[in-house]
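This report concerns only the one structure given below.
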Amino acid sequence: MNHIIHSTVLKQLYQKSTDVLIRPIEITGQNALSVSIFCVDGLVNSQVLDLTILKPIATEEELKKCKNQMDLANYLLNNGGGYHAFASFVTDFDQLNTMVMSGMAAIILDDIQAAVVYDVRTFDKRSVSEPSEEGTMKGAKDSFIEVLRTNTALIRRRIRSPYLTIEQMYVGRLSRTDVALVYMNNICNMNLVDQIRKKLQSIDIDNICTSSFIEEFISENKNSLMPQVMYTQRPDRCCSNLTDGRIVLVVDGIPYVYVLPCQFPMLLQSSEDYAESFLAGSTLRCLRYITLFVSLLLPAFYIAVTTFHVHLLPLPALLSIQKAKINVPFTSCIEVLGLLLAFEILIEAGLRLPKNIGSAMSIVGGLVVGQAAVAANIISPVVVIIIALAGIAGFTIPNQDLSIALRISRFGLALLSSFAGFYGLMIGFLFLVTHLCSLDNNGVPYMAPFVETDKADLQDTILRYPVENFKYRPEGIAPQNTRKQK
Numbered sequence: 284m285n286h287i288i289h290s291t292v293l294k295q296l297y298q299k300s301t302d303v304l305i306r307p308i309e310i311t312g313q314n315a316l317s318v319s320i321f322c323v324d325g326l327v328n329s330q331v332l333d334l335t336i337l338k339p340i341a342t343e344e345e346l347k348k349c350k351n352q353m354d355l356a357n358y359l360l361n362n363g364g365g366y367h368a369f370a371s372f373v374t375d376f377d378q379l380n381t382m383v384m385s386g387m388a389a390i391i392l393d394d395i396q397a398a399v400v401y402d403v404r405t406f407d408k409r410s411v412s413e414p415s416e417e418g419t420m421k422g423a424k425d426s427f428i429e430v431l432r433t434n435t436a437l438i439r440r441r442i443r444s445p446y447l448t449i450e451q452m453y454v455g456r457l458s459r460t461d462v463a464l465v466y467m468n469n470i471c472n473m474n475l476v477d478q479i480r481k482k483l484q485s486i487d488i489d490n491i492c493t494s495s496f497i498e499e500f501i502s503e504n505k506n507s508l509m510p511q512v513m514y515t516q517r518p519d520r521c522c523s524n525l526t527d528g529r530i531v532l533v534v535d536g537i538p539y540v541y542v543l544p545c546q547f548p549m550l551l552q553s554s555e556d557y558a559e560s561f562l563a564g565s566t567l568r569c570l571r572y573i574t575l576f577v578s579l580l581l582p583a584f585y586i587a588v589t590t591f592h593v594h595l596l597p598l599p600a601l602l603s604i605q606k607a608k609i610n611v612p613f614t615s616c617i618e619v620l621g622l623l624l625a626f627e628i629l630i631e632a633g634l635r636l637p638k639n640i641g642s643a644m645s646i647v648g649g650l651v652v653g654q655a656a657v658a659a660n661i662i663s664p665v666v667v668i669i670i671a672l673a674g675i676a677g678f679t680i681p682n683q684d685l686s687i688a689l690r691i692s693r694f695g696l697a698l699l700s701s702f703a704g705f706y707g708l709m710i711g712f713l714f715l716v717t718h719l720c721s722l723d724n725n726g727v728p729y730m731a732p733f734v735e736t737d738k739a740d741l742q743d744t745i746l747r748y749p750v751e752n753f754k755y756r757p758e759g760i761a762p763q764n765t766r767k768q769k
């Protein structure tokens with residue numbers, strides 16, 4: 284918008300918006316100056332606005348001695364700035380409009396086409412509560428909320444170093460969404476910071492209304508199914524990644540933050556790993572890697588072994604499976620794919636329904652309908668067990684984006700197994716591994732440190748070593764400041 288800062292322009296622009304207040308204020312004195320207050324009802328703290336801005340303007344005797352609006356602006360910013368600490372002088376219309384629409388109040392000075400802006404923001408927000416997706420028994424119980432400034436305060440509270448840098452910018456032509464770029468300027472790779480900053484500044488879209496709008500613009504490999512941006516609700520986990528040299532994006536309106544660059548081992552880590560002893564944490568992490576392969580490969584393995592490679596099964600197991608399938612009219616491939624599809628439908632329906640109804644629907648769909656299908660000889664009991672094991676194993680993955688990617692991938696592996704048995708399964712699995720190893724996320728290998736030779740980085744992957752062993756930061760993340768502890 285190419286407008287000048289003037290109360291008449293603002294009144295024409297917002298003439299039909301009843302929540303936008305543009306009210307003239309007369310300063311009676313030697314020169315009878317006239318200004319206007321510009322704010323949005325519901326976004327400003329009316330009590331603070333009245334006591335620290337409007338009342339001093341109406342009653343301050345020294346203010347009435349100002350000869351012109353420039354003297355008035357200087358007085359408000361300097362001598363009269365004690366009434367409100369957060370005041371700034373603005374001459375750009377777009378900047379003024381963005382600040383006021385985010386909850387600030389402005390004194391419009393028509394003669395000099397400028398404004399003095401005060402930060403008097405207030406709006407309804409939920410309190411800082413326990414994270415819903417990343418809970419832990421011994422860890423902190425606070426989580427990020429939808430307000431950017433509250434989220435940055437949670438980070439600043441934990442990292443009190445002057446090297447913690449929080450750059451704020453606006454993204455979205457119409458929404459003008461606040462986005463904060465957070466990093467440690469003495470640790471982080473500044474070339475990577477510049478790269479992420481340029482990506483954010485190049486986003487040319489009207490509105491940032493959901494998380495994927497940011498993710499798709501900053502992802503390196505947009506056609507990959509695997510998540511390339513890690514998100515977290517936990518301030519402690521966010522700060523841990525910051526001190527490792529990674530970059531955090533805080534987006535206003537989104538109750539979690541993004542961590543860049545993302546690597547595959549990060550998606551299988553949980554805050555519980557560090558809250559418990561290193562032996563317990565390593566055991567839990569190994570369990571997750573096992574369940575990852577079970578969730579991904581078990582349905583395809585069952586199709587391959589019962590359709591093409593029955594000779595690999597022990598005779599008692601083979602007889603048991605054949606006995607269960609004797610009256611089932613469908614092949615193993617159709618059974619598995621059909622039940623996988625039904626499992627995904629149950630998950631999607633449970634997410635869309637209210638919580639109480641969703642839990643009841645899951646019980647009815649999983650137990651009653653499943654048992655009826657087995658009793659009617661539509662599916663075999665072994666297939667129900669296989670799909671249930673694969674589904675439950677997938678729920679152990681801490682990152683929901685990775686869990687969704689695995690659920691989609693096992694459909695592809697199951698189809699390949701139905702055509703070529705173990706050969707198809709291995710072709711699909713090798714393709715997936717090759718794809719993961721080929722991904723590059725902002726200059727850092729996606730599968731690092733598995734595809735690198737630095738043994739120090741392997742101390743926090745499949746196994747979680749004792750804390751005193753974490754002497755170095757990941758080499759590809761913080762190449763200039765690798766020392767973490769003595």
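Counting from 1, position 191 in the sequence shown corresponds to residue 474 in the numbering used here; the numbering is continuous, with no gaps.
Beta carbons are placed, not taken as given, at the ideal position from N, Cα and C, and that holds for glycine.
Since we're looking at a predicted model, the values are computed, not measured.
Between residue i and residue j, which are expected to be in contact by the criterion C-beta below 8 Å, what is the C-beta distance as a whole number of angstroms?
| i | j | result |
| --- | --- | --- |
| residue 393 | residue 290 | 6 Å |
| residue 388 | residue 336 | 6 Å |
| residue 544 | residue 429 | Not really, about 25 Å apart at Cβ, beyond 8 Å. |
| residue 632 | residue 420 | That pair is no contact at about 31 Å. |
| residue 489 | residue 458 | 7 Å |
| residue 784 | residue 318 | The structure shown does not extend to residue 784, since the chain is modelled only from 284 through 769, so no value can be given for it. |
| residue 697 | residue 612 | In fact, because the Cβ distance is near 19 Å, the residues do not count as touching under 8 Å. |
| residue 596 | residue 588 | 6 Å |
| residue 463 | residue 479 | Their Cβ separation, rounded to whole angstroms, is 12 Å, which puts residue 463 and residue 479 out of contact at 8 Å. |
| residue 308 | residue 320 | 6 Å |
| residue 359 | residue 390 | 7 Å |
How would you write the range of the alpha helix (DSSP H) that residue i sits in, first residue to last?
| i | result |
| --- | --- |
| residue 498 | 494 to 501 |
| residue 700 | 683 to 721 |
| residue 382 | 376 to 384 |
| residue 522 | 518 to 526 |
| residue 329 | 329 to 332 |
| residue 307 | Looking at the DSSP string, residue 307 is not in any alpha helix (DSSP H); the run it does join, the beta strand (DSSP E), is 303 to 310. |
| residue 555 | 554 to 558 |
| residue 290 | 290 to 296 |
| residue 478 | 473 to 484 |
| residue 674 | 664 to 677 |
Under the rule that 16 or more other beta-carbon atoms within 10 Å means buried, what is residue i, buried or exposed?
| i | result |
| --- | --- |
| residue 365 | Caution is warranted here: a pLDDT of 49 is assigned to residue 365, below 50, making its placement in the model unreliable, and no coordinate value can be reported. |
| residue 345 | exposed |
| residue 443 | exposed |
| residue 637 | exposed |
| residue 413 | exposed |
| residue 300 | exposed |
| residue 763 | exposed |
| residue 302 | exposed |
| residue 690 | buried |
| residue 492 | exposed |
Can you tell me where the beta strand (DSSP E) holding residue i begins and where it ends?
| i | result |
| --- | --- |
| residue 460 | 460 to 467 |
| residue 319 | 316 to 323 |
| residue 401 | 397 to 401 |
| residue 451 | 447 to 454 |
| residue 532 | 530 to 534 |
| residue 514 | 513 to 515 |
When the Cα of residue i is compared with those of the options, which residue comes out closest?
| i | options | result |
| --- | --- | --- |
| residue 712 | 578, 759, 613 | 578 |
| residue 662 | 628, 524, 614, 447 | 614 |
| residue 542 | 340, 528, 535 | 528 |
| residue 470 | 570, 749, 516, 445 | 445 |
| residue 439 | 338, 353, 465 | 465 |
| residue 681 | 548, 505, 764, 595 | 548 |
| residue 396 | 683, 352, 496, 749 | 352 |
| residue 313 | 343, 530, 328, 350 | 350 |
| residue 426 | 750, 477, 476, 554 | 554 |
So for residue i, helix, strand or coil by DSSP?
| i | result |
| --- | --- |
| residue 582 | helix |
| residue 543 | strand |
| residue 364 | Bear in mind that the predicted position of residue 364 carries a pLDDT of just 49, short of 50, making it too unreliable to give a figure here. |
| residue 392 | strand |
| residue 373 | strand |
| residue 345 | helix |
| residue 417 | coil |
| residue 743 | strand |
| residue 734 | coil |
| residue 339 | helix |
| residue 351 | coil |
| residue 728 | strand |
| residue 748 | coil |
| residue 409 | coil |
| residue 756 | coil |
| residue 443 | coil |
Taking only heavy atoms of the ligand SAM into account, decide whether any of them is closer than 7 Å to the Cβ of residue i.
| i | result |
| --- | --- |
| residue 702 | Within the structure as shown, the ligand SAM is missing, as the structure has no ligands at all. |
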